[in-house]
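Asks:
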Amino acid sequence: MAGHSKWANIQHRKGRQDAKRGKIFTKLIKEITVAARMGGGDPNFNPRLRLAIDKAKTESMPKDNIENAIKRGTGELEGVNYEEVRYEGYGPGGAAVIVDCLTDNRVRTVADVRHALSKHGGNLGTDGSVVFQFRHCGQIVLAPGADEDRVMEIALDAGAEDVSSNDDGSIEVITAPNNDLAAVKEALERAGLQTVMAQVVMKPLNEIEIGGDDAVRFQKMLDMLDDLDDVQEVYTSAILPE
């Protein structure tokens, strides 16, 4: 569940991603291509591209795949022209959902997203219906066991806005998007602190605990959305049982 800092949820999603590596590669290639098209092919001057490349390397994507995706974005190779589109809605139990997509066919994508929501008791909303419930920011997560004082000192010196620890022992660092996110991530890693997630997210301002049958349906809805080829990220205000 992207954008949520609970360690168990991060591990759950990582496990699903490991089980479908080919689909993850497809999503990452899309992101690298669009990032290169929008900000140029040099990651030193394109923070979004730098983060996308870092994520691809974390997933062990071959270097040739990364380079070809950049070339498609800059026009050196032919490729599909993807556009960014965002859908907003609600899941079962009333928690907000944002679905960010990269697509070459809006009609197909909106139909797929609407179906995934409605099949599990959710509904698609209008533009702006839930986005105000989220904050656009950079989010870095460190695994349980990191020294919070050290993380705080390094992160704040590098430009982070906030550092907090979760009940499960993981540490969350919040930054402004893109440039600050990349700078803080690099500062932490230079200090030998391992980050397990670093990306621009829509972070919920208030979270809602979802339980019982609604939680089961909500998780199935998230899994179905994650499986859609056009969906890049899903953000929600739901807190689901571990």
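If you're matching positions, the sequence shown starts at 176 in the numbering used here and goes up one per residue.
Here a beta-carbon is modelled for each residue, glycine too, at the ideal position from N, C-alpha and C.
(1) What separation, rounded to the nearest whole angstrom, lies between the Cα atoms of R289 and N298?
(2) Straight-line CA distance for A366 to R325?
(3) Going by DSSP, what residues sit across from G313 in a beta bridge?
(4) Just the Cα atoms here: how many angstroms apart are A208 and G248?
(5) On the DSSP bridge list, what partners appear for G264?
(6) For a test of the three-state rule: what should DSSP assign to Q407, helix, strand or coil?
(7) Taking a contact to mean a Cβ-Cβ separation below 8 Å, would you say V274 touches Y262 in this structure?
(8) In whole angstroms, what separates the C-alpha of I245 from that of G387?
(9) According to DSSP, is E258 part of a helix, a strand, or is it coil?
(10) Please state whether the Cβ-Cβ distance between T370 and I414 is less than 8 Å.
(11) State buried or exposed for G250, treating a residue as buried only when at least 16 other CB atoms are found within 10 Å of its CB.
(12) Tell me the rounded alpha-carbon separation between E364 and F220.
(13) M399 by DSSP, collapsed to three states: which one?
(14) If you draw a straight line from the alpha carbon of N240 to that of I204, how long is it in whole angstroms?
(15) Measure the Cβ-Cβ separation of D217 and L403 and say whether it is below 8 Å.
(16) If S412 and N381 are in contact, beta carbons under 8 Å, what's the gap, nearest whole angstrom?
(17) Where do the N-terminal and C-terminal ends of the beta strand (DSSP E) with D337 fall, by residue?
(18) Going straight from the alpha carbon of A291 to that of L400, what length do you get?
(19) If you follow the alpha helix (DSSP H) that D279 is part of, which residue opens it and which one closes it?
(20) For G320, which option in I199, E259, D343, H295 has the closest C-alpha, if you only look at C-alpha atoms?
(21) Assign E251 to one of three DSSP states: helix, strand, or coil.
(22) At the level of alpha carbons, what is the spacing between V409 and V375?
Replies: Judging by the given coordinates:
(1) Here residue 289 refers to the residue found at position 114 of the sequence shown. Here residue 298 refers to the residue found at position 123 of the sequence shown. R289 and N298: Cα-Cα distance of roughly 7 Å.
(2) Taking the sequence shown and counting its residues from 1, one reaches residue 366 at position 191. Taking the sequence shown and counting its residues from 1, one reaches residue 325 at position 150. Looking at the two C-alpha atoms, the distance is approximately 9 Å.
(3) By 1-based counting over the sequence shown, the position of residue 313 is 138. Note: G313 sits in a beta bridge opposite T350, V375.
(4) Position 33 of the sequence shown, counting from 1, holds the residue named residue 208. Position 73 of the sequence shown, counting from 1, holds the residue named residue 248. One detail in the question is off: residue 208 reads as Thr in this sequence, not Ala. Going by the C-alpha atoms only, they are around 4 Å apart.
(5) Here the question's residue 264 lines up with position 89 in the sequence shown. In the DSSP output, where bridge partners are listed per residue, G264 has V272, L299.
(6) Indexing the sequence shown from 1 puts residue 407 at position 232. Three-state DSSP puts Q407 in a strand.
(7) Translated into positions along the sequence shown, residue 274 becomes position 99. Translated into positions along the sequence shown, residue 262 becomes position 87. Yes, they are a contact pair.
(8) As a first step, residue 245 is located in the sequence shown; it is residue number 70 there, counting from the start. As a first step, residue 387 is located in the sequence shown; it is residue number 212 there, counting from the start. Using only the alpha carbons, I get a separation of about 44 Å.
(9) Walking along the sequence shown from the start, residue 258 turns up at place 83. Note: E258 maps to strand in three-state DSSP.
(10) Looking up residue 370 in the sequence shown gives position 195. Looking up residue 414 in the sequence shown gives position 239. Against a cut-off of 8 Å, the Cβ pair of I414 and T370 comes out as no contact.
(11) The sequence position of residue 250 within the sequence shown is 75, counting from 1. Flag for G250 reads exposed.
(12) If you number the sequence shown from 1, residue 364 lands on position 189. If you number the sequence shown from 1, residue 220 lands on position 45. Roughly 20 Å separates the two Cα atoms.
(13) Within the sequence shown, residue 399 is the residue found at index 224, counting from 1. DSSP places M399 in helix when its eight states are reduced to three.
(14) Here residue 240 is taken as the residue at index 65 of the sequence shown, counted from 1. Here residue 204 is taken as the residue at index 29 of the sequence shown, counted from 1. Distance between the alpha carbons of N240 and I204 is about 7 Å.
(15) Stepping through the sequence shown from its first residue, residue 217 is reached at position 42. Stepping through the sequence shown from its first residue, residue 403 is reached at position 228. No; because the gap between Cβ atoms is not below 8 Å, this pair is not in contact.
(16) Translated into the one-based positions of the sequence shown, residue 412 becomes position 237. Translated into the one-based positions of the sequence shown, residue 381 becomes position 206. Their Cβ separation, rounded to whole angstroms, is 6 Å, which keeps S412 and N381 in contact under 8 Å.
(17) Translated into positions along the sequence shown, residue 337 becomes position 162. 337 to 340 is the span of the beta strand (DSSP E), which, as asked, contains D337.
(18) On the sequence shown, position 116 is the one that residue 291 refers to. On the sequence shown, position 225 is the one that residue 400 refers to. In a straight line, the C-alpha of A291 is about 6 Å away from that of L400.
(19) By one-based count along the sequence shown, residue 279 stands at place 104. Looking at the DSSP string, D279 is not in any alpha helix (DSSP H), and its letter there is neither H nor E.
(20) By one-based count along the sequence shown, residue 320 stands at place 145. Per the Cα distances, D343.
(21) Here residue 251 is taken as the residue at index 76 of the sequence shown, counted from 1. In this structure, E251 counts as coil in the three-state DSSP scheme.
(22) Numbered from its first residue, the sequence shown carries residue 409 at position 234. Numbered from its first residue, the sequence shown carries residue 375 at position 200. Going by the C-alpha atoms only, they are around 12 Å apart.
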